[in-house]
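A.B. asks: Which chain is which? The protein sequence lines are A and B, in order. Residue numbers for the first sequence follow the working numbering, beginning at 1073 and rising by one. Residue numbers for the second sequence follow the working numbering, beginning at 4 and rising by one. Sharing a structure, written as structure tokens. Questions coming.
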Amino acid sequence: MKGDSMEDQAGKNPQIIGFACSFCTFKASEMAGSLRMKYPEGVRLIQVPCSSRVDPAFVIKSIFEGADAAFVAGCHPGDCHFIKGNYFTRRKIAALKEMFDAFSMKEKLRLFWVSAAEARRFVEKVTAMYDEIKDAKDAGKTN
Amino acid sequence: MQARQIKEGALVRGLTRFLSNDRHLILGFEKGDDGVRHRIFHTSLDRHTLLNPFFDVNGALYLRRLFSKGARVMLLLRPCEIRAYHELVKLSQIEPEGIVAVSVDCPGTVSSKERIGGVPLDAKGLVDYFKDPDRMRPACRTCGEKRGVVGDAGIRIDKDGALWAFSYTEKGDALLELLEGDAEEGAPDMLLGKSPKPEKFQTDMEQFSSDFSKCVLCKNCRDMCPVCYCIDCLFNGDEYLPKGDALLNKVLRTGSGTMPGGKEMFHFIRMFHVSQVCVGCGACEEACPQGIPLTKYFKGISERLQGMFSYMSGRDPGETIPYLTFLEDELKDAED
């Protein structure tokens, strides 16, 4: 976000930081690997014990220290390993998204629910997000 | 809810009687030679005043980590200060057992930085003085609750300038018992009405960056915020705001950057952390040596985020802070 000017950034592939719950989304990403499915290499996953472990400060830090976008992913509501962790995530990240919206940078943050069996859904979600961020970045280069 | 009109001098007599017990204290305002300040009154009510048109510090800050039992403290503060006190009670940073929180109608305040003469000290004079809203601090101009309707009891001012005491809880009856006279039915119209609903806050990163470019990261805004609640702040270590060796390592790893680095991140993270508990008192802006319009951002964001959960910080001590609770059936469109 800061430091590099627009020209330096243009042409570079976007970097996306993902916070993945170790019981669902991270398992799905491992399964995607064992099924030889590919997802963009700009997506970096950080394993967290539960999606509610993600303090929104982590997300903000990743955005302000150079990531183009970030996502938080956990189990579907109701399926949390810790019973109710992702209900808290939903409130916190929904509020954080509202805050990003107030600063006109809504596209930088997403929230996904991906269960351990949904390797394909995980790959589709992160690829779609990566492509959109990349398109937006390339559009910024031509302006 | 009980109401009682306060007769001339009855308040001073009642509070003096309250202070006659050695274990009783009052946190209120003291009229000095050069303005009005907070004071904890013990044994005597010398130079006490109800209204304080100069805002310097949010009084709830002094109550943080107050857990002692046995002493009785009566707070005679502005509504924003009582609301911050409620939030701290919810965060278990104040033990409310011995505290009687009384909110006093507040017509608005001027910044204590600009020592303007000619600010009246009585309610009706203040309302006239603040007919021109530009005289008020930005936080008070957009205040969400100027009426003394929060806390255990409230002291309100009617259109003729007479004082009225209201009790909202059992603890608040203690204030009414101190006052002479009987309970009355139906109080008249009050001087201060409901505040208008705020507009939805919207800005962008360019505006944010230019407003905060002057920040020197002194962190006064954090230290003076009554509800910045973390006991050990994220920004105390080297992880978020590196110094010394950690800073050099970071520069070697990621490239050069202007100093002080991370100021936007600091304010952004703090803005989220206090978003549900921010009472919009503007103490951060008051503490800022660089004159950054912090209230605009912190108040705007907090009102927007509290609106998502139909919450208003400090309105009711029985409510739970939205991030600490949930409903199973809500926010269906949160997922992307």
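Beta carbons: idealized from backbone N, C-alpha and C, even for Gly. Just so we're clear, the structure is a prediction, and the values are computed from it rather than from any experiment.
Note the first and the last residue of the continuous alpha helix (DSSP H) segment covering leucine 181 of chain B.
C.D. replies: Locating residue 181 of chain B in the second sequence gives position 178, counting from the first residue. From DSSP, the alpha helix (DSSP H) with leucine 181 of chain B extends over 176-181.
A.B. asks: Using a Cβ-Cβ distance cut-off of 8 Å, determine whether isoleucine 1132 of chain A contacts chain B.
C.D. replies: As a working mapping, residue 1132 of chain A is identified with position 60 in the first sequence. True, the Cβ-Cβ gap to chain B drops below 8 Å.
A.B. asks: Can you tell me which of the three DSSP states serine 1134 of chain A falls into?
C.D. replies: Here the question's residue 1134 of chain A lines up with position 62 in the first sequence. Three-state DSSP puts serine 1134 of chain A in a helix.
A.B. asks: When the Cα of glycine 147 of chain B is compared with those of B:Pro199, B:Pro292, B:Ala177, which residue comes out closest?
C.D. replies: For this step, residue 147 of chain B is matched to residue 144 along the second sequence. Nearest option by C-alpha distance: B:Pro199.
A.B. asks: If phenylalanine 70 of chain B and glutamate 90 of chain B are in contact, beta carbons under 8 Å, what's the gap, nearest whole angstrom?
C.D. replies: Here residue 70 of chain B is taken as the residue at index 67 of the second sequence, counted from 1. Here residue 90 of chain B is taken as the residue at index 87 of the second sequence, counted from 1. Not confirmed; about 16 Å, so no contact.
A.B. asks: Going by Cα to Cα distance, which pick from A:His1153, A:His1148, A:Glu1204 is closest to phenylalanine 1184 of chain A?
C.D. replies: Your numbering for residue 1184 of chain A matches position 112 in the first sequence. Nearest C-alpha to phenylalanine 1184 of chain A: A:His1148.
A.B. asks: Can you list, in chain order, the residues of its chain whose CB lies under 6 Å from that of leucine 53 of chain B, leaving out five sequence neighbours each side?
C.D. replies: Against the second sequence, residue 53 of chain B aligns to sequence position 50. Within the same chain, leucine 53 of chain B has close Cβ partners Val107.
A.B. asks: Pull up the distance between the alpha-carbon of threonine 19 of chain B and that of histidine 270 of chain B, whole angstroms please.
C.D. replies: Sequence index remark: in the second sequence, residue 19 of chain B carries index 16 (1-based). Sequence index remark: in the second sequence, residue 270 of chain B carries index 267 (1-based). Computed Cα separation, rounded: 44 Å.
A.B. asks: Between the C-alpha atoms of glycine 1075 of chain A and glycine 260 of chain B, what's the straight-line distance to the nearest angstrom?
C.D. replies: What you label residue 1075 of chain A is simply residue 3 of the first sequence in a count that begins at 1. What you label residue 260 of chain B is simply residue 257 of the second sequence in a count that begins at 1. The predicted model places glycine 1075 of chain A with a pLDDT of 46, which falls under 50 and marks its position as unreliable; any figure quoted below should be read in that light. Their Cα atoms are separated by approximately 6 Å.
A.B. asks: Is glycine 1150 of chain A near serine 1123 of chain A, with beta carbons less than 8 Å apart?
C.D. replies: Residue numbering aside, residue 1150 of chain A sits at position 78 when the first sequence is read from its first letter. Residue numbering aside, residue 1123 of chain A sits at position 51 when the first sequence is read from its first letter. No.
A.B. asks: In its own chain, which residues sit with a C-beta less than 7 Å from the C-beta of glycine 265 of chain B, not counting the 5 before and 5 after it?
C.D. replies: Position 262 of the second sequence, counting from 1, holds the residue named residue 265 of chain B. Cβ within range, chain order: Tyr243, Leu244.
A.B. asks: Pop quiz: glutamate 60 of chain B and histidine 45 of chain B are said to be a contact at Cβ under 8 Å. What is the actual Cβ separation, rounded to whole angstroms?
C.D. replies: Taking the second sequence and counting its residues from 1, one reaches residue 60 of chain B at position 57. Taking the second sequence and counting its residues from 1, one reaches residue 45 of chain B at position 42. For the sequence presented, residue 60 of chain B should be read as valine rather than glutamate. Wrong, their Cβ atoms sit about 20 Å apart, outside the cutoff.
A.B. asks: What residues from the segment 1104-1126 of chain A come within 7 Å of chain B, judged by C-beta to C-beta, listed N to C?
C.D. replies: Listed in sequence order: no entries.
A.B. asks: Taking just the CA atoms, how far does leucine 178 of chain B sit from aspartate 1140 of chain A?
C.D. replies: Indexing the first sequence from 1 puts residue 1140 of chain A at position 68. Indexing the second sequence from 1 puts residue 178 of chain B at position 175. Those two C-alpha atoms are separated by around 56 Å.
A.B. asks: Quick check on DSSP: helix, strand or coil for phenylalanine 57 of chain B?
C.D. replies: Stepping through the second sequence from its first residue, residue 57 of chain B is reached at position 54. Strand, per DSSP.
A.B. asks: Does the Cβ-Cβ distance between arginine 1163 of chain A and tyrosine 326 of chain B come in under 8 Å?
C.D. replies: For the purposes of this step, residue 1163 of chain A is identified with residue 91 of the first sequence, where counting begins at 1. For the purposes of this step, residue 326 of chain B is identified with residue 323 of the second sequence, where counting begins at 1. Contact flag set, yes.
A.B. asks: Return the Cβ separation of arginine 86 of chain B and valine 282 of chain B in integer angstroms, given the expectation that the two are a contact with Cβ distance under 8 Å.
C.D. replies: Here residue 86 of chain B refers to the residue found at position 83 when the second sequence is read from its first residue. Here residue 282 of chain B refers to the residue found at position 279 when the second sequence is read from its first residue. That pair is a contact at about 4 Å.
A.B. asks: Using a threshold of 8 Å, state whether the C-beta atoms of glycine 151 of chain B and isoleucine 158 of chain B are closer than that.
C.D. replies: For the purposes of this step, residue 151 of chain B is taken as the residue at position 148 of the second sequence. For the purposes of this step, residue 158 of chain B is taken as the residue at position 155 of the second sequence. Going by C-beta atoms, glycine 151 of chain B is nearer than 8 Å to isoleucine 158 of chain B.
A.B. asks: Select from B:Trp167, B:Gln210, B:Ser115, B:Cys236 the residue whose C-alpha is nearest the C-alpha of glycine 38 of chain B.
C.D. replies: Within the second sequence, residue 38 of chain B is the residue found at index 35, counting from 1. Nearest of B:Trp167, B:Gln210, B:Ser115, B:Cys236 to glycine 38 of chain B, Cα basis: B:Ser115.
A.B. asks: Below 7 Å on C-beta distance, what does aspartate 207 of chain B contact in chain A?
C.D. replies: Position 204 of the second sequence, counted from the start, is the residue given in the question as residue 207 of chain B. Within chain A, the residues near aspartate 207 of chain B are Phe1175, Ser1176.
A.B. asks: In the DSSP assignment, the alpha helix (DSSP H) including cysteine 1093 of chain A goes from what residue to what residue?
C.D. replies: For this step, residue 1093 of chain A is matched to residue 21 along the first sequence. No alpha helix (DSSP H) holds cysteine 1093 of chain A; the beta strand (DSSP E) holding it covers 1088-1093.
A.B. asks: Counting C-beta neighbours from all protein chains within 10 Å, is the total for methionine 1078 of chain A 16 or more, i.e. buried, or is it exposed?
C.D. replies: Locating residue 1078 of chain A in the first sequence gives position 6, counting from the first residue. Bear in mind that a pLDDT of 45 at methionine 1078 of chain A, under 50, signals an unreliable position, so the model cannot answer this.
A.B. asks: Tell me whether the beta-carbon of valine 277 of chain B lies closer than 8 Å to the beta-carbon of phenylalanine 301 of chain B.
C.D. replies: Mapped onto the second sequence, residue 277 of chain B falls at position 274. Mapped onto the second sequence, residue 301 of chain B falls at position 298. Yes; because the gap between Cβ atoms is below 8 Å, this pair is in contact.
A.B. asks: Rounded to a whole number of angstroms, what is the C-alpha to C-alpha distance between threonine 1097 of chain A and isoleucine 1165 of chain A?
C.D. replies: For the purposes of this step, residue 1097 of chain A is taken as residue 25 along the first sequence, with counting starting at 1. For the purposes of this step, residue 1165 of chain A is taken as residue 93 along the first sequence, with counting starting at 1. Answer to the nearest angstrom: the Cα atoms are 16 Å apart.
A.B. asks: Just the C-alpha distance for aspartate 131 of chain B and glycine 247 of chain B, rounded to the nearest angstrom, thanks.
C.D. replies: For this step, residue 131 of chain B is matched to residue 128 along the second sequence. For this step, residue 247 of chain B is matched to residue 244 along the second sequence. Roughly 54 Å between the two C-alpha positions.
A.B. asks: For phenylalanine 238 of chain B, which option in A:Lys1099, A:Phe1130, A:Phe1095, A:Leu1117 has the closest C-alpha, if you only look at C-alpha atoms?
C.D. replies: In the second sequence, counting from the first residue as 1, residue 238 of chain B sits at position 235. If we check each option's Cα against that of phenylalanine 238 of chain B, A:Phe1130 comes out closest.
A.B. asks: Alpha carbons only, please: which of A:Ala1167, A:Asp1127, A:Asn1085 is nearest the one belonging to glycine 1138 of chain A?
C.D. replies: Along the first sequence, one-based indexing puts residue 1138 of chain A at 66. If we check each option's Cα against that of glycine 1138 of chain A, A:Asn1085 comes out closest.
A.B. asks: Answer yes or no: does any C-beta atom of chain B fall closer than 8 Å to that of alanine 1253 of chain A?
C.D. replies: No information on residue 1253 of chain A is available, as it lies outside the stretch 1073 to 1215 that chain A covers here.
A.B. asks: So, using beta-carbon positions, are leucine 79 of chain B and tyrosine 88 of chain B closer together than 8 Å?
C.D. replies: Translated into positions along the second sequence, residue 79 of chain B becomes position 76. Translated into positions along the second sequence, residue 88 of chain B becomes position 85. Going by C-beta atoms, leucine 79 of chain B is not nearer than 8 Å to tyrosine 88 of chain B.
A.B. asks: Can you pull the chain B neighbours of glycine 1138 of chain A, defined as C-beta to C-beta under 9 Å?
C.D. replies: Working through the first sequence from its first residue, we reach residue 1138 of chain A at position 66. Chain B residues near glycine 1138 of chain A: Thr257.
A.B. asks: Residues in the same chain with beta-carbon distance under 6 Å from arginine 81 of chain B, minus the five sequence neighbours each way, listed in chain order, please.
C.D. replies: Within the second sequence, numbered from 1, the residue matching residue 81 of chain B stands at position 78. The residues are Cys109.
A.B. asks: Assuming contact is defined by CB atoms lying nearer than 8 Å, are methionine 1201 of chain A and phenylalanine 1136 of chain A in contact in what I supplied?
C.D. replies: Residue 1201 of chain A sits at position 129 when you count from the first residue of the first sequence. Residue 1136 of chain A sits at position 64 when you count from the first residue of the first sequence. Contact flag unset, no.
A.B. asks: Ignoring anything shorter than 4 residues or poking outside the segment 139-165 of chain B, list the alpha helix (DSSP H) runs there in chain order.
C.D. replies: Runs found: 141-144.
A.B. asks: Taking alanine 1092 of chain A as the reference, give the member of A:Lys1209, A:Arg1182, A:Ile1155, A:Lys1178 with the closest Cα.
C.D. replies: Start at 1 with the first residue of the first sequence, and residue 1092 of chain A comes out as number 20. The shortest Cα separation from alanine 1092 of chain A among A:Lys1209, A:Arg1182, A:Ile1155, A:Lys1178 belongs to A:Arg1182.
A.B. asks: By alpha-carbon positions, which one of B:Leu30, B:Leu66, B:Leu64, B:Ala63 ends up nearest to glutamate 51 of chain B?
C.D. replies: One-based indexing of the second sequence puts residue 51 of chain B at position 48. Sequence inspection shows histidine at residue 51 of chain B; the glutamate mentioned does not correspond to that position. The option with the nearest alpha carbon to histidine 51 of chain B is B:Leu30.
A.B. asks: Give the residues of chain B in contact with alanine 1218 of chain A, contact being defined as C-beta atoms less than 7 Å apart.
C.D. replies: Nothing can be reported for residue 1218 of chain A, as the shown portion of chain A is limited to 1073 through 1215.
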